[in-house]
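**Q** Numbered per the UniProt record's numbering, the sequence shown finishes at 1129, counting up by one with no gaps. Don't be surprised by glycine CBs; every beta carbon is placed ideally from N, CA and C. As the structure is a computational prediction, the values presented were derived from the model and not from experiment.
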Amino acid sequence: MNAPGHAVEEATEATDAATDLVGDTAWTDRFAASFVQEARYRLARGATAPGQHLWAVCRMAGEADQAALQAALADLVERHEGLRTGFEDASTGVDEVTQVVHGHVSWWLRRHESRTPDAEARERGTDALMRALVNEPFDLTAPPLARACLIARGARADGPPTHDLLLVLHRLVADEPSMALMLKELGACYVARRQGRMATLEPLAIQYADYAAWQRERTSGAAWHALLSHWRQTLDGAPPMLSLSRDRGGARDVGSPSGTTSVALHLDEALSAGLRALAQTRQSTLSAVLMAGWAALLSRCSGQESLCVGYPVTGRRRPELQGVVGPFLNTLVLRVECPPGQVVAALIDQVRDAMREAEAHQDLPVECLMAELKPSGQRGRAALFEAFLAFDEEDAWLGDSSTAEPGWSAGASSASSPPADAGLALALQARAGEIRGTLAVDAGQFDAETAVRFGHLFVVVLRGMVADVASPVATLPLLDRDGQATWRARQREHARPAAAEACVHERFRAHARAHPESAAVACGDVVLSHGELLRRVDRVAGWLRAAGIGAEQLVAVGLGRDVAYVVAILGVLTSGGAYVTLDVAGPLERQLDVIDDTGATVVITDEAGAAAYAARPALRVLVVSTGGGEFAGVTVMLNADTDTDTDTDTDTDTDTDTDTDTDTDTDTDADADADAARLERLAYCLYTSGSTGRPKGALNTHGGMANLAAWFFSDRVATQPAERVLMASGVTFDLTQKSVLATLAYGGVVVIPDGDLADADAVHAAIARHAPTRISCAPSAYRAYGLPTRGTSLRTVVLGGEPIALDLAARIRDCGLNLVNSYGPTECADISASHLALAGDAEAWAAQPLPIGHPIPGARLYVLDEALEPVPPGVVGEIHIAGAGVGRGYLRRAGQTAERFLPDPFGEPGSRMYATGDLGRVLRDGGIEYLGRGDSQVKVRGIRVETGEIETALRACDDVAEAAVVPISDESGATALLACVVPREGVALGMAALRAMLAARLPSHLVPAAWTQLDALPLNRSGKLDRRALARLAPNARALSADELEPPATPTEQVLHRLWCELLGTQAIGRHDNFFAMGGHSLLAMTMAGRLRSESGLSASMSDCLNAESLADLGARLDAAAVTPTQQE
1 MNAPGHAVEE
11 ATEATDAATD
21 LVGDTAWTDR
31 FAASFVQEAR
41 YRLARGATAP
51 GQHLWAVCRM
61 AGEADQAALQ
71 AALADLVERH
81 EGLRTGFEDA
91 STGVDEVTQV
101 VHGHVSWWLR
111 RHESRTPDAE
121 ARERGTDALM
131 RALVNEPFDL
141 TAPPLARACL
151 IARGARADGP
161 PTHDLLLVLH
171 RLVADEPSMA
181 LMLKELGACY
191 VARRQGRMAT
201 LEPLAIQYAD
211 YAAWQRERTS
221 GAAWHALLSH
231 WRQTLDGAPP
241 MLSLSRDRGG
251 ARDVGSPSGT
261 TSVALHLDEA
271 LSAGLRALAQ
281 TRQSTLSAVL
291 MAGWAALLSR
301 CSGQESLCVG
311 YPVTGRRRPE
321 LQGVVGPFLN
331 TLVLRVECPP
341 GQVVAALIDQ
351 VRDAMREAEA
361 HQDLPVECLM
371 AELKPSGQRG
381 RAALFEAFLA
391 FDEEDAWLGD
401 SSTAEPGWSA
411 GASSASSPPA
421 DAGLALALQA
431 RAGEIRGTLA
441 VDAGQFDAET
451 AVRFGHLFVV
461 VLRGMVADVA
471 SPVATLPLLD
481 RDGQATWRAR
491 QREHARPAAA
501 EACVHERFRA
511 HARAHPESAA
521 VACGDVVLSH
531 GELLRRVDRV
541 AGWLRAAGIG
551 AEQLVAVGLG
561 RDVAYVVAIL
571 GVLTSGGAYV
581 TLDVAGPLER
591 QLDVIDDTGA
601 TVVITDEAGA
611 AAYAARPALR
621 VLVVSTGGGE
631 FAGVTVMLNA
641 DTDTDTDTDT
651 DTDTDTDTDT
661 DTDTDTDTDA
671 DADADAARLE
681 RLAYCLYTSG
691 STGRPKGALN
701 THGGMANLAA
711 WFFSDRVATQ
721 PAERVLMASG
731 VTFDLTQKSV
741 LATLAYGGVV
751 VIPDGDLADA
761 DAVHAAIARH
771 APTRISCAPS
781 AYRAYGLPTR
791 GTSLRTVVLG
801 GEPIALDLAA
811 RIRDCGLNLV
821 NSYGPTECAD
831 ISASHLALAG
841 DAEAWAAQPL
851 PIGHPIPGAR
861 LYVLDEALEP
871 VPPGVVGEIH
881 IAGAGVGRGY
891 LRRAGQTAER
901 FLPDPFGEPG
911 SRMYATGDLG
921 RVLRDGGIEY
931 LGRGDSQVKV
941 RGIRVETGEI
951 ETALRACDDV
961 AEAAVVPISD
971 ESGATALLAC
981 VVPREGVALG
991 MAALRAMLAA
1001 RLPSHLVPAA
1011 WTQLDALPLN
1021 RSGKLDRRAL
1031 ARLAPNARAL
1041 SADELEPPAT
1051 PTEQVLHRLW
1061 CELLGTQAIG
1071 RHDNFFAMGG
1081 HSLLAMTMAG
1091 RLRSESGLSA
1101 SMSDCLNAES
1111 LADLGARLDA
1121 AAVTPTQQE
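Okay, here's the thing in C-alpha cells:
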C-alpha cells in the first residue's frame, strides 16, 4: 500500500460497506480528557486527517470468516473503553474537553471486493480505496473513532485467495503501541470466535479514563514540580527552530499545516550491522546511535552547535498500563550539543546519556511542558523542536502480531509515524537485519528534491560514523564519490574566465585621451573632464616618481572624500606605486601606526594633515589644496631633515592649470609604463581590524581590481553606458576603491557629495544636482541617507559589506530600482559574488533573505567543511574564495597570511584560496546563501570588526580585569557592539572614561555603543565564554541610571531627549550627555537630523548634530536658529 493520499473516484467501485453505527447508549460516563487528548482534540478540530489517524494492514491468507472477524471487533470494543469514547467541548455545551464513555457501541466491519477483471486496475482501485479510508474524517462525538475494512485481494495462480484487513484509529483514542496491542488481541479473538469460543485475555485493572484522572490529580505534587524544574533547566536557552535552507517561506505555522512530502529510506544490512556494532562498542542503543547521526546532520545543515530533537516514548512504564488502549505515547525533547572539535564517539555518548536522563523524566506530558515554558512563535510541539526521530526496534511496538491461526500477519502500518507538527521527521524501523523508514518534510517549506537530499545525507553521515568513530563531527564526509563528481561538474559549469586585461588606470588614460572633454568627476560646483583629470593625475605621478616612488612602493593618502582623493590615488597608480588610505577622521595615533607599519616614506594630504604628520620627521609630505572645492595641484613637498625638493615650489599649481602636455612626462618612460601595467603588481593596501589588537593591511593587486572593474561595468550590473556612480562611502572602505577606479576606467562619472561623510543633505544635493544613476555603499549607510526615494536619477543600488534587511530590500524593490547584493572581503578586491534583482523580476526578489549569488567572472567560491572538503547544497560550511581577486595577503603578517591564504586544492598548482571565516551554504541553483561569521568578526555599519582588537584594548586599561565584546542589534535593527567589562577588585569603573580611552585609540566603528559591568564573565557548559548570554544583557547595558541624570530643561531639549532615547535605546540620558559618548554614530546622527526636521520642524544641520558637545548644546544651537518645534502628540 502506498502512503495515504487523496481519495480516488474509482475507490468506491463495488464496495459493500455498512455504516459505522453508534449502538446502545444506555449509559454514559464523562471524564476529563488527558493532556494529550486535550491537545490533540484542539489540533484535530482544524487539521487534515492523515496526521491524526493511525492505520495498519493485516494480511489474511485463505478464506476469511467475516462473522468471526465481526465478533472479534465487538470483543475489542467491549474490552476497551477507549473504543467506546467520544469527545465534547464548549461547542457541545461543556466548559472543557471531555471524554464521553458509552456503555455499548457497535463497530461494524466494512467489506470491499473489486469486480474489475483487469488485475492492475483492481490493485490501483484497492489502493485508492485504502487511502480514502485512511483519510476519511471521524465524527469526534460519535464512537468508535475507528474503522475496519476487509478487502478481498483475489486468488493467486499458485495459492489461496488473500484478504487485507485495514484498521484505522484516531490518535485521540490510540497510539502506535495501542495499534500493536489491538492487532495481537484481534488475532486472538478471531481465532477463538472461529472455534466457537471467547478468547482468554488478561483482565484489565484500569481503563484509559482512570489514567487520565490520575494524571490530572498529580499535577499539584512535589514530583510533578520536580519534573517541571528538570525540563525548564534542560531547555533553558535552547533553540527550537533550525537555521535550515528552505525552498520557500520561513518556519511554518503549525496551526495551518501544509501537508508533508515523504521519501523512503533504506539502510542496507552491512550499514545496519555496523551501526549495531557501534552501539555495542559505545555501550549504547541503536536508537541513540541513529539519533546521534540525525543530530550530526542537522548541526551540519544548520550550523548550530545546540539543537533540539523530539522523539517518542511509550509512556507505559507502569505495568497496569501495558494492556490498555489509549494515547499514552509521549514526546520527549532531546537537547544535543555539537561544539567545535567534538568527535563521533563523544556525540554518541552524549546522546546516550541525554536520552537516559530524558526518559527518567518522561512522565511530564509534552503538552504540560509547552504550557509551562510558554514558548513564543510556533504552535504545537514545533514550539519546542522542529526535527523528530522515531525508531521501532525490530517491531518493538507492533510486537508479535501473528497468531496460532495460519496466514494471519501484520504488514505495512503507520507505527512510528511522525507527529503532524514536525517539520523534519524520521520514522525508522528495524526489519530483518536492515533498517528502513521514511523521512517526512513539511511540504510548505521543502520540495521533494530537498527531502531526497536530506535522506541521502543521513545515510552518508551514518556511513562516516561507522567508518571512523574518532572523526570530528564537523569533518564527517558528506559527499560520496558521485557527489564529488557532481560538485566538480557544477564548479566547471559556473566558472567564468576573468574579464580584464589592463590595469584600471591604463583604461582611464585610454578613455581620457579618446574623450578628453567628457565629464569624469563632479563635486559641488566642480566638474572635471577626463582630460583635465588626466593632466592633474600625471602631475602627481611625475612628482612621486621624482621623489623616488616606483613599483610596489606604498604611498600613504591622508585625504577625505573629495576630488583630491581621486587625483591622489590615480596619481600613485600611474607612478607605479601602490597606495594605502588613512582614516583622517579617526585617531591620529592609529594613522601614524598605519604609516609606520607600511614603511611609507611619502604621504599625500592637505594643509591640516601636513601639520598632523609632522610627528614623523622622516616622512615626506605632499600637500595638495582643495580650497573652494577646486583642486589646485601640489603646493609644497616638505622634508623635516633636508631642504625642500627641487623642481617643487608653490607656483606649480599654476602650471597644473595651464600645462596640457604633462602626460608626455610619463609616456616617454616606456619601462615605467610597462611596470605599472603588470596586473600582478600591488595596487593598494587597506587596513582592517585585527584579532590580535593590531590592524592588518590587506594587499590587493592590479589584476584583482581590473577584474572587479570589468564586472562592475558588465551588463550584469551596468544598465546604461557611461554611468554616473555616487561615491557614498569613506575612503578607507574597500567598495570606495571600486566606485572610483572602476567608474573612471570605463568612462563613467564619479559623483562626490560636497560635505561630510555623514551629511545626508549633501548626498541628496549631489543626487539632485549631478544625477547619478548608481550608488554603491553599505545597507546601513543607504538607510541612514534616507534612501531609497522615488523620482530620482538612481537606477541601480549596489549594496555590500553586511546583510540587507528584508524591509530595506522591499523598499528598494517598491521604488522600481535594480538591486545588486554584493559579497566579498577586502582581501579579495571587495566583491567576489553577487545576486542581481532587476526591477520587475519577481523571482529574483523572492528569496528571503537575498542570497549573495554566484561568483563574478574570474572568481570561484567554495563552501568547505573543517577538513577543506566541499559540502553538498544545503549544508553549512565556510566560504572560501579562489581565482581572480585573491590578494597577496597581509603586509608583514606572515603568520596571519598563512592562516587565511591557503593552497587551493581545486585550482591550478600554486594557486591559493582565501578562507573568509564567513559561513554559508550552496543553494539548489548553485548560488550561495550568507549565514554570518564563524568567528569573532562582525560587521558594524558595513565595516569589518574583530572584537578581539577591542577586547585587547580594554584589557590594557589598568582598572579592567577582563572584558568581552559581542554584537547586538540596536533600535533600528542594525548591528552594534556591547562591551562587557569586569573591574579589578575594589575598583569602581567609569564607563565614560573607558569609552573616551577607546575613542582616543580606535576608529569610531570599533567603539562599543553599549556598556555593562559584570562581576564575572559567564561560561557555557563547555567552560567557554558564553557570548550568547552576554548578548542577552543588552537591554540593561548602560553605565548610568536615569535618576542620576539632569533632565532636559527646555522644550527643544525635551524633543531631543525623546528622540535620543528612541535612537539610543535607553532612558538614561541627561542634558549634559554627548550623543556619540552614549553610543551614537554618524549614520545614526543622519537619522536624528532627518527626524528632527520631519517630526518636529526643527532645522538641524548635520554640522550641528555632529559637533554639538551635549544635548543641551544641540538644543541651544537649534533655538538660536529661531525655529520653534511643532506641537507633537
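Roughly how many angstroms lie between the CA atoms of G89 and M291, to the nearest whole one?
**A** With the sequence shown as reference, residue 89 is identified as Asp, and Gly is not the correct amino acid for it. Approximately 38 angstroms, taken between the alpha carbons.
**Q** Within the same chain, show all residues whose beta-carbon is closer than 7 angstroms to that of A999, passing over the 5 residues directly before and after it, in chain order.
**A** Take A999, set aside five residues on each side of it, and the residues of its chain with a beta-carbon closer than 7 angstroms to its own are V1007, in chain order.
**Q** Which whole-angstrom value describes the C-beta separation of L1002 and R590, a residue pair presumed to lie in contact below a C-beta threshold of 8 angstroms?
**A** 7 angstroms
**Q** Who are the Cβ neighbours of F138 in its own chain at under 6 angstroms, not counting the five residues just before and after it?
**A** L145 and H170
**Q** Which residue from Q553, R79, E949 and V584 puts its Cα closest to that of L559?
**A** Ranking Q553, R79, E949 and V584 by Cα distance to L559 puts V584 first.
**Q** Between the alpha carbons of R1093 and T792, how many angstroms are there, rounded?
**A** 21 angstroms
**Q** Mind listing, in chain order, the continuous beta strand (DSSP E) runs of no fewer than 3 residues lying wholly within the segment 556 to 608?
**A** 578 to 581 and 602 to 605
**Q** For R193, collect the residues of the same chain with a Cβ closer than 7 angstroms to its Cβ; drop the 5 residues on either side in sequence, then sort them by chain order.
**A** A68, A71 and A72
**Q** Hey, C1105 and A1089 are a contact pair by Cβ (cut 8 angstroms); roughly how many whole angstroms apart?
**A** With 8 angstroms as the limit, C1105 and A1089 qualify as a contact, their Cβ atoms being about 5 angstroms apart.
**Q** Three Cβ pairs or more, each shorter than 8 angstroms: is that satisfied between the segment 327 to 336 and the segment 348 to 361?
**A** yes
**Q** For F901, does the three-state DSSP call read helix, strand or coil?
**A** strand
**Q** I need the straight-line Cα distance from Q896 to V863, nearest angstrom please.
**A** 21 angstroms
**Q** Rank W224, D210, A387 and K738 by C-alpha distance to the C-alpha of L321 and give the top, closest one.
**A** D210
**Q** Which residue's Cα is closest to the Cα of I604: D593, V572 and T314?
**A** V572
**Q** Residues bridged to residue 1147 by DSSP?
**A** Limits of the chain in this structure are 1 at one end and 1129 at the other, which puts residue 1147 out of reach.
**Q** Check residue 1211 in the structure and name its three-state DSSP category.
**A** Look at the range of the chain in this structure, 1 to 1129, and you will see that residue 1211 is not part of it.
**Q** Could you give the first and the last residue of the continuous alpha helix (DSSP H) run that contains C301?
**A** Per DSSP, the unbroken alpha helix (DSSP H) holding C301 starts and ends at L286 to S302.
**Q** How big is the Cα-Cα spacing for A7 and L150?
**A** Residue confidence for A7 is low, a pLDDT of 31 falling below 50, so the modelled location carries little weight; the figure read from the coordinates is stated next. If you draw a straight line from the Cα of A7 to the Cα of L150, it is about 18 angstroms long.
**Q** Who are the Cβ neighbours of V580 in its own chain at under 6 angstroms, not counting the five residues just before and after it?
**A** L554, A556, T598 and C685
**Q** Quick one: complete alpha helix (DSSP H) runs, 4+ long, within the segment 469 to 527?
**A** For the segment 469 to 527, whole alpha helix (DSSP H) runs of length 4 or above, ordered along the chain, are 481 to 494 and 504 to 514.
**Q** Classify W1011 as helix, strand or coil using the three-state DSSP reduction.
**A** strand
**Q** Return the first residue and the last residue of the beta strand (DSSP E) that M130 is part of.
**A** Taken as a continuous stretch (DSSP letters only), M130 belongs to no beta strand (DSSP E), being part of the alpha helix (DSSP H) at A119 to N135.
**Q** Specify the secondary structure class of C815 as computed by DSSP and reduced to three states.
**A** coil
**Q** Does G103 pass the burial test, meaning 16 or more other C-beta atoms within 10 Å, or should it be called exposed?
**A** exposed
**Q** Could you check where the beta strand (DSSP E) with H104 kicks off and where it finishes?
**A** From DSSP, H104 is part of no beta strand (DSSP E); its letter is neither H nor E.
**Q** So does the segment 465 to 477 actually touch the segment 863 to 879, counting three or more Cβ pairs closer than 8 angstroms?
**A** yes
**Q** Mapping the DSSP letters down to three states, classify A718 as helix, strand or coil.
**A** coil
**Q** Classify M991 as helix, strand or coil using the three-state DSSP reduction.
**A** helix
**Q** Taking only the alpha-carbon atoms, compute the straight-line gap between L424 and V452 and give it to the nearest angstrom.
**A** 12 angstroms
**Q** Relative to the C-alpha of G883, which candidate in F901, G889, I852 and R912 has its C-alpha closest?
**A** R912
**Q** Any idea which residues DSSP pairs M831 with across the strands?
**A** The identity of residue 831 in the sequence shown is Ile, whereas the question assumes Met. Bridge partners of I831: none, in fact.
**Q** Does any CB atom of chain D fall closer than 8 angstroms to the CB of L931?
**A** Note that chain D does not occur in the displayed structure, where there is just one protein chain.
**Q** Hey, how far is the Cα of L140 from the Cα of E38?
**A** 12 angstroms
**Q** Mind reading off the beta-carbon distance from A148 to L165? Whole number of angstroms is fine, and I expect it under 8 angstroms.
**A** The beta carbons of A148 and L165 sit about 7 angstroms from each other, so the pair counts as a contact at 8 angstroms.
**Q** Would you say S302 and L244 are within 8 angstroms of each other, going by their C-beta atoms?
**A** yes
**Q** Bridge partners for Q1067 per DSSP, in chain order?
**A** Answer is none; Q1067 lacks a bridge partner.
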